[in-house]
Amino acid sequence: MADTGLPPNWEVRHSNSKNLPYYFNSAEKVSRWEPPQGTDTEKLKHYMAANHSAGARPGAVPGVPEGKIRAAHLLVKHRDSRRPSSWRESEITRSKDEAMEIIKGHEQKIKSGAISLGDLAPTESDCSSARKRGDLGYFGRGDMQKEFEDAAFALKPGEMSGIVETASGLHLIERLE
1 MADTGLPPNW EVRHSNSKNL PYYFNSAEKV SRWEPPQGTD TEKLKHYMAA NHSAGARPGA
61 VPGVPEGKIR AAHLLVKHRD SRRPSSWRES EITRSKDEAM EIIKGHEQKI KSGAISLGDL
121 APTESDCSSA RKRGDLGYFG RGDMQKEFED AAFALKPGEM SGIVETASGL HLIERLE
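As structure tokens, then:
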């Protein structure tokens with residue numbers, strides 16, 4: 001791929017989990033976030049602008065998918081949740097009222113600026129997305145529970161919802177993109 005400006009055997013790939021380009025050496029089977037040594041940075045800059053910007057979508061991989069948004073959330077489950085278990089607790093026994101008090105506390109901490117949703121989710125969210133700072137990636141209409149989806153799509157990037165109730169539990173949602 002001479003037009004990328006990368007040395008032999010290197011190519012630009014796209015990480016779905018991070019939604020970022022990375023560099024892969026097909027001969028050595030190694031990947032890295034930074035361009036490898038010997039890269040022509042000017043050629044790479046032009047290649048990335050043409051092929052990996054939000055507007056250009058070769059193979060529909062990089063950038064923002066059409067009609068989709070990206071959001072993170074913090075979920076507090078209760079015993080009446082659809083699946084009352086999580087990576088944190090094998091059996092969730094708290095009542096819905098107790099879950100509401102917990103999530104109200106989280107909401108106050110976030111709104112006060114004491115901590116961000118992304119910093120709180122890894123330790124407090126009952127969703128497996130906690131390990132990704134609550135990031136759910138990109139989703140479109142019809143991909144999530146309706147209450148969650150309606151709240152997420154109503155937000156502007158950077159905004160956080162109030163408490164949203166779904167069959168899964170109680171959520172705080174932050175629209176990322």
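Following the UniProt record's numbering, the numbering of the sequence shown begins with 1 at its first residue and continues without gaps.
Just so it is clear, CB atoms sit at the ideal spot from N, CA and C, and this is done for glycine as well.
Owing to the predicted nature of the structure, the values given are computational and were not obtained by experimental measurement.
Could you give the DSSP three-state label for residue i: helix, strand or coil?
{"i": "R82", "result": "coil"}
{"i": "M160", "result": "strand"}
{"i": "P21", "result": "strand"}
{"i": "A72", "result": "strand"}
{"i": "I110", "result": "helix"}
{"i": "D143", "result": "coil"}
{"i": "R133", "result": "coil"}
{"i": "H177", "result": "Position check: residue 177 holds Glu in this sequence, whereas His was assumed. The answer is coil: DSSP assigns E177 none of H, G, I, E or B."}
{"i": "H171", "result": "strand"}
{"i": "E124", "result": "helix"}
{"i": "T93", "result": "coil"}
{"i": "E149", "result": "helix"}
{"i": "E165", "result": "strand"}
{"i": "E34", "result": "coil"}
{"i": "E28", "result": "coil"}
If you count every other CB in all the chains shown that lies within 10 Å of the CB of residue i, and 16 or more means buried, which is it?
{"i": "R28", "result": "Correcting the residue type first, residue 28 is Glu in the shown sequence and not Arg. The residue is exposed, with fewer than 16 neighbouring Cβ atoms inside 10 Å."}
{"i": "E101", "result": "exposed"}
{"i": "T93", "result": "exposed"}
{"i": "A151", "result": "buried"}
If you compare alpha carbons, which of the options is closest to residue i?
{"i": "K146", "options": "L136, V164, S26 and R133", "result": "V164"}
{"i": "G134", "options": "P21, A50 and M160", "result": "M160"}
{"i": "G137", "options": "D3, G67, A151 and A72", "result": "A72"}
{"i": "S81", "options": "E66, D97 and G67", "result": "D97"}
Which same chain residues, not among the five before or five after residue i, have their C-beta less than 7 angstroms away from its C-beta?
{"i": "V76", "result": "A99, I102, I103, D126, G169 and L170"}
{"i": "S95", "result": "H78 and R79"}
{"i": "E91", "result": "P84 and S85"}
{"i": "S116", "result": "I110"}
{"i": "E177", "result": "V64, I69, R70 and P157"}
Short of 6 angstroms in beta carbon distance, which residues of its chain neighbour residue i, apart from the five on each side in sequence? Order them along the chain.
{"i": "T39", "result": "G5 and L6"}
{"i": "N25", "result": "N9 and W10"}
Does the beta carbon of residue i sit closer than 9 angstroms to a beta carbon anywhere in chain D?
{"i": "H106", "result": "Absent from the structure is chain D; it holds one protein chain and no more."}
Output needed for residue i: all residues of its chain with C-beta closer than 8 angstroms, excluding positions within five of it in sequence on either side, in chain order.
{"i": "G142", "result": "E149"}
{"i": "Q37", "result": "P7"}
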